[in-house]
Amino acid sequence: MHTLTAIQLRDRFLEGAVTAEEIASYFLERIDRFDPEIGAFLHVLKERTLEKARLLDQKKKEGKPLGKLAAIPIGVKDNIHIEGVPTSCASKFLEGYTATFSATVCDLLEEEDALLIGKLNLDEFAMGSSNENSAFKPVKNPWNTRCVPGGSSGGSAAAVAARLCPIALGSDTGGSIRQPASFCGVVGFKPTFGRVSRYGLVAFGSSLDQIGPITTCAEDAALVMEVIAAHCDLDATSLPEEKADYLPALKKPLKGTVIGVPWHFLESLSPEILDNFKTSIKTLEELGCKTLEVNLDVLKYSIAVYYILSTAEASTNLAKFDGVRFGKRSKKASTLDEIYRFSRSEGFGAEVKRRILLGTYILSAGHKDDFYVKAQKVRSEIIKHFDAAFSCCDIICLPTSPIPAFEMGALQDPLQMYLQDIYTIPMSLAGLPTAAMPSGFTQDSKPLGIQFIAPQTFDIEALRIAHHYQNAAPFSREIPPAFNKEAL
Amino acid sequence: MDDIDQKTLDHMCRLGKIDLSDEEKPKMLKSLEGILDYTHELDALILENAMPCRHVLKGIALPLREDEPKEPLTREAFLKNAPDQTGGMVRIPPTLTE
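Chains A and B supply the protein sequences, listed in that same order.
Letter by letter, the first sequence follows residues 549 to 1036 of the numbering used here.
Letter by letter, the second sequence follows residues 141 to 238 of the numbering used here.
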C-alpha cells in the first residue's frame, strides 16, 4: 500500500478492496516501525485516526456520500492547529499546548473524510532550512540519514518520502515546502498568496506564509488543492474565489507553452545542478514547450529583502508568546516583566531569538526607512520584473536549490544557511504559485528539484506543467531503498 | 558597516523582551552583524521612483466579511492553556507595587 498514490489508495477504499481501518492501521504501523529512524513525527494521533477510520467505514456501509479524500492518511505540520491536539511549533515555548480550534485547512480536509494521522516536525516556528532547529529532535533525510531533509517543513517532506503517509501539509514562507520537498525527492506546492486560508496556521511572516501540500505526485497535490483552496472569512488576506476543479485541467496538453528561463541568474550554479536543470528544460522542449531567456537579475537581492521583511513580521507575530495567557511561563519569574523576558528566553531557541532581535532592530526608531521601507520598495521591483517576464512567457523555471541535501551540522553560519534559499524566496516575495518537482539525483544519490512558477492566481497552470513533466520524468515515484519495504 | 554594537543589541533585547546570557551575547552579535552587513547589498539600487509594496496581491479586491457576531472561544477552552488561573481568570504577579 505504501507505493500507491493517495488517489489510488482512496480508489481502493471506495472499491471495497480495503477498509479505512486497514489503511489507517497500515500507515500507523509504518510510522511505528520507521519513524524512529527519521524523526518526522512529533505526535502520532493513533486513537483519533483509528476512531475516524471506523466511523468512515460505517459511513460507507450505510451508503452515505464519501469525501474526495476518503481514507487518505494526511500528516499535518505542527504549526497548524487541530482542535484538542498538541501544537508545539517544535518549540519548548509551546510544549504541552493544546489547540483550542482547528485550522480551516484541517476542517476542510476532514469534511472530505481525510484521516489526519499526526503532527509533523519542523524548524522551530518555521524558521529554518534544515529542520535542525527543532527544539525536540532533528529530522533525518530518508535518502541519506546523515543528511538534513531541508526545512522548515522537514518532517512533512521526510514523512512523505519514507511513505509514512501519502500526503502531508507544510507551510511555506521563503521556501519551506519546496526546498524540503526537493531535498527529499517529493512534490511540494506553494499556492498563490491568499489562495489557501492561513486561519489556524501559527503566523511567521503574514505577507508571505502559505499552507500547501507535499505529495508523491502532482495529481495528489491537485486533489488537495481542490479541497483546501477556497475563500475563508476568517483570513483577511484570503482570495475571493471558492473551490475549483484542478484535476481535469491537468490533462490539457503542454504544446505551445512558453517557458521563461533566467539563464544569467543561474550562472553561479555548480555544473552538476546546472546540467540537471538543462536536462529538465530539454524534457519540456521535447513535450512541445518553447523556451526563451528572461531577465530576472533583480532576484539576487531577494535574500536581503526577505530577511528584512520576514524578520520584521516575525518579531511582531511572536510578540504574542509572552508567558501570560498560554505556553511556557518561567518558574523563576516574580514580576510581569520577568514573565515576559524569562519565559521567552527559556522557551525560544537561538534561531528564533536571532530573527526576533533582527526584526526588532529593523522596525526600531531610526532604522525603519533604511531597512524596512527600502526592502518594501525592492519587493515592488521584484514583482515588476516577474510581471515583465510573464508578459512574454507562461511559466518560469528555476532549480529549487543551489545545493542538494547537506550533512547535518555542515552549515553553522546563519548567513550561509540563508543564502541557500536564493531560488525559493523570490516567489514568496511576489506571491506566485510554484510547484517543486523532483528532477533527478546527484552522483551520490541525493534528490534534485525544479520549480514551475506561474503568475499570481494561475495555480492550476503551475500544477499542469508539473504533471506533464512528471509523466516524462517520473523521479517522484522513486522511494528511498531503506523505506521501500513493509513494516511487518 | 557597523549597524549594531553591544549597546544596541542590549536595547533590542529590552524591546524584544529577550534576555541573552553572557555566553549567547557575542555569538548573537556576530551573527547579526553579518546579516545586517549583507542587507546593505540593497544600497546599490536606485529606488527614488519605487513604491513600497503594501500588498503582494495586485489588482485584486479582497472582500470583507459580514459584520455578524460569531461564537467566541469559551472561557473554559481559553483557560485550558493558561499557565496560572484563579476564579475563571488568568493570574499574574501584581503590576503595581509600592
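Just so it is clear, CB atoms sit at the ideal spot from N, CA and C, and this is done for glycine as well.
No experiment lies behind these values; they were computed from the predicted model shown.
Residues bridged to Pro621(A) by DSSP?
The residue given as residue 621(A) occupies position 73 in the first sequence. Answer is Leu663(A), bridged to Pro621(A).
For Lys147(B), does the count of other Cβ atoms within 10 angstroms reach 16, so buried, or fall short, so exposed?
As a first step, residue 147(B) is located in the second sequence; it is residue number 7 there, counting from the start. Lys147(B) is exposed by the Cβ-count criterion.
From Gly632(A), Lys608(A), Tyr971(A), residue whose alpha carbon lies closest to that of Leu844(A):
The sequence position of residue 844(A) within the first sequence is 296, counting from 1. Nearest C-alpha to Leu844(A): Tyr971(A).
Which one of Gly957(A), Leu1036(A), Arg711(A) has the shortest CA to CA distance from Pro686(A)?
Locating residue 686(A) in the first sequence gives position 138, where the first residue counts as 1. The shortest C-alpha separation from Pro686(A) is found at Gly957(A).
Note down, one range per segment and in chain order, each beta strand (DSSP E) of at least 3 residues found wholly within the region 849 to 930 of chain A.
none
What do you get for Asp793(A), buried or exposed, if any count of 16 or more other CB atoms within 10 angstroms of its CB means buried?
Looking up residue 793(A) in the first sequence gives position 245. By the 10 Å Cβ count, Asp793(A) comes out exposed.
If you draw a straight line from the C-alpha of Leu176(B) to the C-alpha of Ala784(A), how long is it?
By 1-based counting over the second sequence, the position of residue 176(B) is 36. By 1-based counting over the first sequence, the position of residue 784(A) is 236. Taking the straight line from one Cα to the other gives about 32 Å.
Span separating the alpha-carbon of Ile200(B) from that of Leu787(A):
Counting from one through the second sequence, the residue named residue 200(B) turns up at place 60. Counting from one through the first sequence, the residue named residue 787(A) turns up at place 239. Ile200(B) and Leu787(A): Cα-Cα distance of roughly 8 Å.
Quick check on the DSSP output: the beta strand (DSSP E) that includes His591(A) runs from which residue to which?
The residue labelled residue 591(A) in the question sits at position 43 within the first sequence. Residues 589 to 592.
Around the C-beta of Thr214(B), are 16 or more other C-beta atoms found within 10 angstroms, so that it is buried, or is it exposed?
Sequence index remark: in the second sequence, residue 214(B) carries index 74 (1-based). Flag for Thr214(B) reads exposed.
Using a Cβ-Cβ distance under 8 Å, would Ala978(A) count as near chain B?
One-based indexing of the first sequence puts residue 978(A) at position 430. Yes, Ala978(A) lies at the interface with chain B (some Cβ there is under 8 Å from its Cβ).
Could you compute how far the alpha carbon of Cys780(A) sits from the alpha carbon of Pro952(A)?
Along the first sequence, one-based indexing puts residue 780(A) at 232. Along the first sequence, one-based indexing puts residue 952(A) at 404. In a straight line, the C-alpha of Cys780(A) is about 36 Å away from that of Pro952(A).
Count Cβ pairs between the region 707 to 718 of chain A and the region 941 to 949 of chain A that sit closer than 8 Å; are there 3 or more?
no
Could you name the residues of chain B that Gly804(A) contacts, counting a contact when the two beta carbons are closer than 8 Å?
As a position in the first sequence, residue 804(A) is number 256, starting the count at 1. Correct list: empty, because the minimum Cβ distance to chain B is about 26 Å.
Chain B contacts from the region 897 to 910 of chain A (Cβ-Cβ distance under 7 Å):
Lys901, Arg902, Ile904, Leu905, Leu906, Thr908, Tyr909
Buried or exposed: which applies to Ala913(A), given that a residue is buried once 16 or more other Cβ atoms fall within 10 Å of its Cβ?
Counting from one through the first sequence, the residue named residue 913(A) turns up at place 365. Burial call: exposed.
Own chain partners of Cys765(A) with C-beta closer than 7 Å, once the 5 adjacent residues on each side are dropped:
Taking the first sequence and counting its residues from 1, the one referred to as residue 765(A) is at position 217. So the qualifying residues of the chain are Thr553, Val735, Gln1018, Ser1024.
If I'm right that Lys791(A) touches Gly760(A) with Cβ under 8 Å, what's the distance once you round it to whole angstroms?
As a working mapping, residue 791(A) is identified with position 243 in the first sequence. As a working mapping, residue 760(A) is identified with position 212 in the first sequence. Contact doesn't hold; Cβ gap of about 16 Å is too wide.
Is Lys167(B) helix, strand or coil by DSSP?
Here the question's residue 167(B) lines up with position 27 in the second sequence. In this structure, Lys167(B) counts as helix in the three-state DSSP scheme.
Whether Tyr747(A) touches Thr652(A) by CB criterion (8 Å)
Against the first sequence, residue 747(A) aligns to sequence position 199. Against the first sequence, residue 652(A) aligns to sequence position 104. Yes.
Could you run through the region 167 to 191 of chain B and flag, in chain order, every residue whose CB is less than 7 Å away from some CB of chain A?
Met168, Ser171, Leu172, Gly174, Ile175, Tyr178, Thr179, Glu181, Leu182, Leu185, Leu187, Ala190, Met191
Decide if the region 720 to 730 of chain A is in contact with the region 689 to 702 of chain A; the criterion is three or more beta carbon pairs, one per stretch, under 8 Å apart.
yes
For chain A, check one thing: does any of its Cβ atoms lie closer than 8 Å to the Cβ of Pro212(B)?
Within the second sequence, numbered from 1, the residue matching residue 212(B) stands at position 72. Closer than 8 Å: no.
Are there 16 or more other CB atoms within 10 angstroms of the CB of Thr763(A), so buried, or fewer, so exposed?
In the first sequence, residue 763(A) corresponds to position 215, counting from 1. Buried, because 16 or more other Cβ atoms sit within 10 Å of the Cβ of Thr763(A).
Step through the CB atoms of chain A and report whether any lies within less than 8 Å of the CB of Asp207(B).
Position 67 of the second sequence, counting from 1, holds the residue named residue 207(B). So, not an interface residue.
So what does Val982(A) bridge to, in DSSP terms?
As a position in the first sequence, residue 982(A) is number 434, starting the count at 1. Looking at the sequence shown, residue 982(A) is not Val but Thr. Paired residues: Lys738(A), Ile1001(A).
Measure the alpha-carbon distance for Ala867(A) versus Gly156(B) and round it to whole angstroms.
Your numbering for residue 867(A) matches position 319 in the first sequence. Your numbering for residue 156(B) matches position 16 in the second sequence. For Ala867(A) and Gly156(B), the distance between alpha carbons rounds to 8 Å.
Would you report the Cα separation of Glu1034(A) and Ala707(A), rounded to the nearest angstrom?
In the first sequence, the residue the question calls residue 1034(A) occupies position 486. In the first sequence, the residue the question calls residue 707(A) occupies position 159. Between Glu1034(A) and Ala707(A), the C-alpha separation is close to 15 Å.
My output table needs one value for Asn1019(A): the three-state DSSP class, helix, strand or coil.
Residue numbering aside, residue 1019(A) sits at position 471 when the first sequence is read from its first letter. Of the three classes helix, strand and coil, the one that applies to Asn1019(A) here is helix, per DSSP.
Among Ile628(A), Leu656(A), Glu660(A), which one has its Cα closest to the Cα of Thr648(A)?
Locating residue 648(A) in the first sequence gives position 100, where the first residue counts as 1. Among Ile628(A), Leu656(A), Glu660(A), the Cα nearest to that of Thr648(A) belongs to Ile628(A).
Enclosing beta strand (DSSP E) for Ser719(A) [first to last residue]:
For this step, residue 719(A) is matched to residue 171 along the first sequence. Unbroken beta strand (DSSP E) run through Ser719(A): 715 to 720.
Using three-state DSSP, classify Lys838(A) as helix, strand or coil.
On the first sequence, residue 838(A) is found 290 positions in, with the first residue counted as 1. Reduced to three states, the DSSP call for Lys838(A) is strand.
Please say whether Leu185(B) and Tyr849(A) have beta carbons closer to each other than 8 Å?
Your numbering for residue 849(A) matches position 301 in the first sequence. Your numbering for residue 185(B) matches position 45 in the second sequence. Yes, these two residues count as a Cβ contact at 8 Å.
Quick check: is the beta carbon of Asp162(B) nearer than 8 Å to any beta carbon in chain A?
Taking the second sequence and counting its residues from 1, the one referred to as residue 162(B) is at position 22. Chain A, which has no Cβ nearer than 8 Å to the Cβ of Asp162(B), makes this no.
By Cβ distance, which residues of its chain are closer than 6 Å to Val592(A), with the 5 residues on each side in sequence left out?
Here residue 592(A) is taken as the residue at index 44 of the first sequence, counted from 1. So the qualifying residues of the chain are Ile579, Gly666.
By the criterion of Cβ-Cβ separation under 8 Å, what are the contact partners of Met152(B) in chain A?
Start at 1 with the first residue of the second sequence, and residue 152(B) comes out as number 12. The answer, in chain order, is Leu905, Thr908, Tyr909, Ser912.
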